[in-house]
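Have a look at the structure below before the remarks.
Residue numbers (full-length UniProt numbering): 1 to 117.
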């Protein structure tokens, strides 16, 4: 396979795997927080969940964008599901919490930056 196709798809795969691991990490923190045996703070759970949501939404967008580009002009054709996936991958970037609000939350809670809105 041509590197011009293989490298972007491999990059998208690694982004999706990283997002999956972030999601598992957030789920583990949530489980620990729900059980009284651990002293995990709810703030840490919120930060991990927001981070996982952000990473997953961005990884999905990159993967769908790469799929459209890999298919060329047929990436927009309704005969293939690629165009539908590309449209649907935009939803997690804006709902229920937008990317910008997640970045604001992490900036305030993790980096201790002043509120910017």
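Beta carbons: idealized from backbone N, C-alpha and C, even for Gly. All of these numbers come straight from a predicted model, not from anything done at the bench.
Residue nearest to residue i in terms of C-alpha spacing, selected from the options
i: residue 44; options: 21, 63, 27; result: 27
i: residue 55; options: 18, 35, 108; result: 18
i: residue 83; options: 99, 112, 97, 65; result: 65
i: residue 4; options: 72, 41, 105, 80; result: 72
i: residue 92; options: 7, 50, 104; result: 50
i: residue 102; options: 61, 48, 68; result: 48
Helix, strand or coil at residue i [DSSP, three-state]
i: residue 89; result: coil
i: residue 104; result: helix
i: residue 84; result: helix
i: residue 97; result: coil
i: residue 26; result: helix
i: residue 34; result: helix
i: residue 50; result: helix
i: residue 41; result: coil
Cβ-based burial, residue i [other Cβ within 10 Å; buried from 16]
i: residue 35; result: exposed
i: residue 111; result: exposed
i: residue 29; result: buried
i: residue 42; result: exposed
i: residue 116; result: exposed
i: residue 6; result: exposed
i: residue 10; result: exposed
i: residue 15; result: buried
Closer than 7 Å: residue i CB and nearest the ligand NAP heavy atom
i: residue 64; result: Looking at this structure, you won't find the ligand NAP or any other ligand, since it has none at all.
Pairing CB atoms from the region 65-80 with CB atoms from the region 94-108, are three or more of them under 8 Å? They do not touch, by the three-pair rule.
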